[in-house]
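Remarks on the structure that follows.
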Amino acid sequence: MAPVTTTGERMHALVERLYPLCRSITGDGVRATLEIVDEYVPLQVHEVPTGTQVLDWTVPQEWNIRDAYIADASGHRVVDFAASSLHVLGYSVPVSATMPLAELRAHLHTLPDHPSWVPYRTSYYRPEWGFCLAQETLDALPDGEYEVRVDSTLADGHLTYAEHVVPGQVPDEVIVSCHVCHPSLANDNLAGIAVATFLARALAERTPYYTYRFIFAPGTIGAITWLARNRERVDRVKHGLVLACAGDRGHLTYKRSRRGDAEIDRVMRHVLRTSERPHDVIEFTPYGYDERQYCSPGFDLGVGSLSRTPYAGYPEYHTSADDPGFVSPEAMEDTLAVCREAFAVLDRNRRYVNLSPYGEPQLGRRGLYDALGGRSDTQQAQMAMLWVLSLSDGEHGLLDVAERSGLPFDTVAAAADALRDAGLIKA
Amino acid sequence: MAPVTTTGERMHALVERLYPLCRSITGDGVRATLEIVDEYVPLQVHEVPTGTQVLDWTVPQEWNIRDAYIADASGHRVVDFAASSLHVLGYSVPVSATMPLAELRAHLHTLPDHPSWVPYRTSYYRPEWGFCLAQETLDALPDGEYEVRVDSTLADGHLTYAEHVVPGQVPDEVIVSCHVCHPSLANDNLAGIAVATFLARALAERTPYYTYRFIFAPGTIGAITWLARNRERVDRVKHGLVLACAGDRGHLTYKRSRRGDAEIDRVMRHVLRTSERPHDVIEFTPYGYDERQYCSPGFDLGVGSLSRTPYAGYPEYHTSADDPGFVSPEAMEDTLAVCREAFAVLDRNRRYVNLSPYGEPQLGRRGLYDALGGRSDTQQAQMAMLWVLSLSDGEHGLLDVAERSGLPFDTVAAAADALRDAGLIKA
Amino acid sequence: MAPVTTTGERMHALVERLYPLCRSITGDGVRATLEIVDEYVPLQVHEVPTGTQVLDWTVPQEWNIRDAYIADASGHRVVDFAASSLHVLGYSVPVSATMPLAELRAHLHTLPDHPSWVPYRTSYYRPEWGFCLAQETLDALPDGEYEVRVDSTLADGHLTYAEHVVPGQVPDEVIVSCHVCHPSLANDNLAGIAVATFLARALAERTPYYTYRFIFAPGTIGAITWLARNRERVDRVKHGLVLACAGDRGHLTYKRSRRGDAEIDRVMRHVLRTSERPHDVIEFTPYGYDERQYCSPGFDLGVGSLSRTPYAGYPEYHTSADDPGFVSPEAMEDTLAVCREAFAVLDRNRRYVNLSPYGEPQLGRRGLYDALGGRSDTQQAQMAMLWVLSLSDGEHGLLDVAERSGLPFDTVAAAADALRDAGLIKA
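Quick mapping for you: the protein sequence lines, in order, are chains A, B and C. With the numbering used here applied, the first sequence covers 406 to 832. With the numbering used here applied, the second sequence covers 406 to 832. With the numbering used here applied, the third sequence covers 406 to 832.
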């Protein structure tokens with residue numbers, strides 16, 4: 406086996422480590438997941454007791470499972486939780502019984518259209534038990550009596566989520582959120598967890614402008630819990646990104662925030678478009694991942710969502726076919742790269758005021774032509790300075806300058822740095 | 406002859422009853438027309454005396470006509486008002502004379518391009534007499550003396566118009582206006598009168614949200630009179646529709662209000678587009694029918710105009726070829742259907758406020774998933790609830806929700822009803 | 406030679422007179438240019454002393470030149486300023502020396518891609534001397550010693566610019582600005598000077614609505630000087646146009662003001678579009694000619710720029726190939742015509758208020774139908790009156806009326822005149 410060398414391969418190795426764990430919206434599977442992530446970036450883990458009121462919701466009982474199987478008359482396990490966490494209905498209540506196949510069928514979930522795949526099913530808020538299996542496994546089962554056993558507990562406990570903060574120059578925050586509640590599904594959402602983890606490491610390489618807060622929480626109830634516990638300080642969240650389905654081989658898809666023209670929306674569109682990657686930018690819908698919560702009308706945060714093939718848009722979605730082979734190191738590395746590019750733009754997207762706004766200032770006298778004279782990109786750099794001066798009216802940011810001028814954002818930002826250093830503009 | 410069974414056929418029968426009457430902007434023809442309409446929906450008839458100042462205008466003298474003809478030397482009537490009300494110039498002053506054809510010609514109106522059609526001509530504000538006839542009739546007249554006689558009166562009297570009100574849940578009004586001043590022209594505007602009449606009956610089937618006021622009035626001076634007499638209460642007119650040319654076989658045309666984005670404009674566009682009928686939506690122009698008056702800049706009401714082939718857009722326009730055969734039961738029924746669909750949307754297009762706007766409310770706990778679980782359109786209904794919750798910020802109405810979500814308006818409105826009943830939103 | 410008869414030919418004759426003069430940002434070449442223009446339209450000439458602070462800049466020393474040449478060992482002038490003002494580097498410091506060709510080369514500028522053309526080069530703010538010559542001239546020079554001589558002075562003096570004002574009915578101003586600092590280049594900007602000159606004469610034919618101020622000033626420093634000296638009264642500049650590259654055979658290009666939707670932008674687009682000339686309308690960039698200064702964010706004037714082939718968009722740009730043969734009488738006449746059409750629209754683009762806004766006023770009673778009845782454009786004229794009445798709400802100007810109605814601006818303006826005379830609208 407080749408040594409793990411690229412960041413993509415390291416992310417893929419993390420996916421593979423996390424894959425076997427049986428996660429759900431509460432329980433030890435989430436804790437074990439966070440412990441592994443903590444090896445990469447230090448996490449602050451929060452435990453919120455069952456019964457806690459969180460916005461319109463209540464933290465449910467904690468679910469844990471040790472074993473689950475269907476065994477035939479000879480005691481042979483024909484469906485075994487040990488083989489895959491998908492085999493048991495998420496949040497399944499305990500059961501220990503023997504029943505004929507005909508009776509058992511009501512508790513079995515298959516995918517007739519994909520007879521070799523095991524579906525992923527849950528029943529969070531309605532007490533049920535059940536198993537998920539391949540249609541071809543079911544078809545091969547002879548009639549007769551089967552022993553069914555789910556050795557789970559559903560009891561008061563906690564909901565677990567974690568945060569990792571990369572401190573910035575200002576307390577204004579960018580949140581990056583990914584759901585950690587799905588069991589053995591690689592793209593949904595181990596790839597998102599892996600990209601978030603390595604994104605946090607990359608951002609820490611030097612102090613960013615914004616403070617970046619990474620949220621690893623179970624879907625829906627976890628985001629709602631985070632929002633409930635941070636309601637007083639949510640005003641400092643200026644931008645955000647939900648990461649999901651971050652590793653499949655499809656092209657990138659950015660889903661706008663509810664606002665539609667939040668700064669993160671403009672930044673992501675700019676980066677995707679100028680990078681000339683194939684991509685889609687789609688409108689907000691109140692369905693999908695936890696952008697639903699962050700963008701609920703009471704909060705209406707500037708939070709978009711980055712995926713490759715979006716939510717439910719691939720046949721492997723919520724099936725055993727979403728395994729580590731379904732996600733690729735290259736795709737995760739590409740997702741990571743776009744996040745880094747976008748946050749590099751976001752972080753530098755200041756709004757300046759031209760301090761010499763009457764006519765053009767004489768750049769030559771300040772060495773701003775000389776300073777650039779020897780560079781091959783002189784003309785672009787000079788144009789960028791003129792554009793920054795022209796649009797630094799307190800209304801336009803550097804992203805506006807880049808988009809109106811057609812110049813690369815980096816060139817514009819460098820021009821702004823030079824003008825700021827010369828005292829010609831201020832933020 | 407087949408029995409009259411469909412609404413379209415009943416509207417067409419009304420057109421045929423009204424067709425022979427000689428209407429003008431004042432006079433007994435209008436009164437007789439309103440008496441017939443009153444058999445279908447009770448009308449409040451208004452009589453406004455000659456000389457009354459109405460906005461910038463003055464109610465003119467009343468015109469009535471008993472007989473009119475051109476007779477040849479042998480006393481044979483070669484042009485006879487009894488055969489068609491179109492034969493006399495509208496508002497023709499009385500005349501009784503004998504003159505050679507050469508002299509008579511200055512008072513004759515024909516359509517050389519359509520030699521068998523009789524044109525429709527009027528001279529409301531300049532005293533004249535005249536006859537309209539087919540070019541081929543004129544061509545067949547030998548030279549010689551002719552007796553001409555118009556037995557009309559032009560005297561102080563009244564301008565007549567009528568209203569019918571369908572009371573709603575709120576005093577805010579929707580006006581539906583159609584002109585009643587044209588003589589024997591079926592599409593212009595007996596079809597509009599018939600559609601308005603049956604629309605009023607349909608709206609009364611259950612109490613609508615808005616109060617619907619139907620205005621049957623002569624063109625221009627009638628609408629101006631109505632506005633002059635309702636100036637103090639015109640603020641309660643929230644929306645409106647002018648119905649004209651409602652029965653020909655062309656596709657539907659909606660002409661926007663002067664505002665261009667009034668709610669009625671958005672509703673009509675939505676209904677026409679989602680119904681997948683061939684149609685046109687055209688911009689406002691200050692020409693056409695009485696939308697000119699309702700949309701004059703001092704009033705600027707949200708009043709659009711619905712036609713099939715629009716104003717002057719068909720060769721039969723203002724000729725004897727616009728006869729009952731030119732309009733069809735099916736076309737009138739289609740116009741009526743679109744009006745009903747549009748008013749059903751308008752009537753339900755509330756703007757709600759999400760009372761649980763922080764995160765998504767837990768729908769399952771309130772039975773809002775269960776309630777819908779058994780229906781085949783479950784997924785659309787759930788999406789509709791999420792969309793209504795997302796956009797119920799006091800700024801967006803249900804039509805906005807339908808347009809942004811791509812969901813049918815009815816589904817959205819049903820979701821809003823369920824959410825309102827659950828106490829999650831309020832109007 | 407044919408007699409000079411057309412305005413285009415007269416403008417071309419002016420270009421030819423101005424062509425030989427050696428202009429720069431200061432000096433006698435500018436003065437001589439302005440003296441010639443003054444023969445056509447009287448100029449107020451301003452002299453601003455060296456060292457005067459103008460916005461962020463300082464008026465530089467004045468540069469004058471009497472002679473410059475490179476002579477070979479036999480005394481033969483191989484490059485001679487007398488043949489073309491382009492041969493000397495603009496603002497060249499004096500030099501008198503003998504040196505081998507190898508050493509001289511560092512001071513020589515050519516265009517290897519166009520070996521027969523002489524480039525135009527300057528060094529305004531860095532003391533240098535140099536010569537510009539054809540590559541083929543350079544290639545033909547044998548090695549050896551050459552005498553070089555630039556008989557120039559760089560000394561305290563003045564910066565010269567001029568104004569010509571066409572007084573209007575109101576003190577609000579339209580500025581027309583063209584740069585006068587380039588030596589023997591016809592399109593850049595003698596054609597602009599010629600068009601501006603004849604435009605001023607045309608506007609004076611009858612008192613315009615606006616006051617039109619023509620500015621003939623050296624590029625950049627001249628516009629900055631004008632702005633610095635008029636800072637207190639710049640508020641009265643409502644619109645403006647920079648004229649440059651006005652005579653080549655390409656189609657017209659209008660570059661929007663920084664605002665992008667200033668009235669001049671809308672007027673120019675309207676005139677270019679409705680005239681059905683091939684043309685381009687391009688967005689503002691903070692590069693080009695003196696629109697850079699007028700549109701700097703502190704001033705942000707509604708000043709656009711009209712060219713034919715724009716700035717640097719033709720190979721002859723800033724070379725000896727931009728000679729009088731490069732510009733044509735027809736092209737200059739076309740540029741002039743568009744300026745006149747645009748200012749005719751701008752001058753009449755009033756915003757009226759309908760004084761009879763409730764319903765349509767009765768036009769017939771006021772003779773407004775009669776007045777137009779005999780004209781072949783009756784229907785357009787009537788439509789124009791209805792449109793003006795409809796949109797005269799204090800928000801829309803006559804250009805809005807023309808654009809929304811699709812009617813010619815002249816028809817709309819005539820309708821407004823008639824309505825104003827009838828007391829139905831007021832400005």
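Cβ atoms here follow ideal geometry from the backbone N, Cα and C, with glycine treated the same way. Fair warning: this is a prediction, and the values are worked out from it, not measured in the lab.
Of all residues in the region 692-704 of chain A, the ones placed with a Cβ closer than 7 Å to any Cβ belonging to chain B are Tyr-692, Arg-697, Gln-698, Ser-701, Pro-702, Gly-703, Phe-704, in chain order.
Taking 3 residues as the minimum length, the beta strand (DSSP E) runs contained wholly in the region 518-567 of chain B are 550-560, in order along the chain. Judged by DSSP secondary structure, A/Cys-744 falls within the alpha helix (DSSP H) whose first and last residues are 734-753.
Taken in chain order, the members of the region 607-637 of chain C whose beta-carbon sits within less than 8 Å of a beta-carbon on chain A are Thr-625, Ala-628, Ile-629, Leu-632, Ala-633, Arg-636.
Contact between A/Val-498 and A/Glu-533 holds, with the beta-carbon distance rounding to 7 Å and staying under 8 Å. Between C/Tyr-445 and B/Leu-460, the gap from beta carbon to beta carbon reaches 7 Å or more. Taking a C-beta distance under 7 Å as the contact criterion, C/Ala-628 and C/Val-676 do not qualify as a contact pair. Contact annotation: C/Asn-469 and C/Gly-432 have beta-carbon atoms nearer than 7 Å. Segment contact: the region 721-730 of chain C against the region 666-676 of chain C, fewer than three CB-CB distances shorter than 8 Å; contact not assigned.
Around the beta carbon of C/Lys-660, 16 or more other beta carbons sit within 10 angstroms, so the residue counts as buried. Counted as a single uninterrupted DSSP element, the beta strand (DSSP E) harbouring C/Asp-798 occupies residues 798-802.
For the pair C/Pro-813 and C/Ala-807, the Cα-to-Cα distance works out to about 6 Å. Short of 8 Å from the beta carbon of A/Glu-765, and not among the five residues preceding or following it, lie these beta carbons of its own chain, in chain order: Leu-791, Leu-794.
Under the Cβ criterion of 7 Å, C/Tyr-722 is not counted among the residues facing chain A. Put simply, the CB of B/Leu-460 is near chain C, with a gap under 7 Å to one of its CB atoms. Interface residue (Cβ-Cβ distance to chain B less than 7 Å): C/Gly-764 is classified as such.
DSSP places A/Pro-454 within a strand segment (E or B) once states are collapsed to three. Spanning the alpha carbons of A/Leu-829 and C/Leu-491 requires a straight line of approximately 35 Å.
Comparing alpha-carbon positions, the option among C/Tyr-692, C/Asp-695, C/Gln-574, C/Gly-707 lying closest to C/Asp-640 turns out to be C/Gly-707. Only those residues of the region 777-809 of chain C whose C-beta falls short of 8 Å from the nearest C-beta of chain B are listed: Met-788, Leu-791, Trp-792, Leu-794, Ser-795, Leu-796, Ser-797, Asp-798, Arg-809. A/Leu-513 sits in a strand when the DSSP states are folded into three classes.
Sequence-distant Cβ neighbours of C/Ser-528 in its own chain, meaning closer than 8 Å and more than five residues away, are Leu-494, Gly-495, Tyr-496, Ser-497, Gly-535. Counting C-beta pairs closer than 8 Å gives fewer than three between the region 604-612 of chain C and the region 649-657 of chain C, which falls short of the contact rule. The criterion of a C-beta distance shorter than 7 Å is not satisfied by C/Ala-649 and C/Ser-589. Closest in C-alpha terms to C/Glu-696, from the list C/Trp-462, C/His-644, C/Ala-789, comes C/His-644.
Taking C-alpha positions only, C/Val-579 is separated from C/His-569 by approximately 12 Å. The C-beta of A/Tyr-530 comes closer than 7 Å to at least one C-beta of chain B.
At a cut-off of 7 Å, the C-beta of A/Asn-594 has no neighbouring C-beta in chain C.
Here the alpha carbon of C/Gly-652 sits roughly 15 Å from the alpha carbon of C/His-587.
Non-local C-beta neighbours of C/Asn-592 in its own chain, meaning closer than 7 Å and more than five positions away in sequence, comprise Cys-650, Gly-652, Asp-653, Asp-727, Phe-731, Val-732, ordered along the chain. Taking C/Gly-693 as reference, the option from C/Asp-822, C/Leu-506, C/Thr-625, C/Asp-739 with the minimal CA-CA separation is C/Thr-625. The three-state reading of DSSP puts B/Arg-664 in coil, since its state is none of H, G, I, E or B.
For C/Arg-697, the enclosing alpha helix (DSSP H) begins and ends at 696-699. When rounded, the separation of the alpha-carbon atoms in B/Ser-479 and B/Gln-698 is 49 Å.
Taking 9 Å as the cut-off between beta carbons, the residues of the region 663-676 of chain C near chain A are Arg-663, in sequence order. Assignment of beta strand (DSSP E) within the region 630-662 of chain A, counting only whole runs of 3 or more residues, yields 642-648, 657-660 in chain order.
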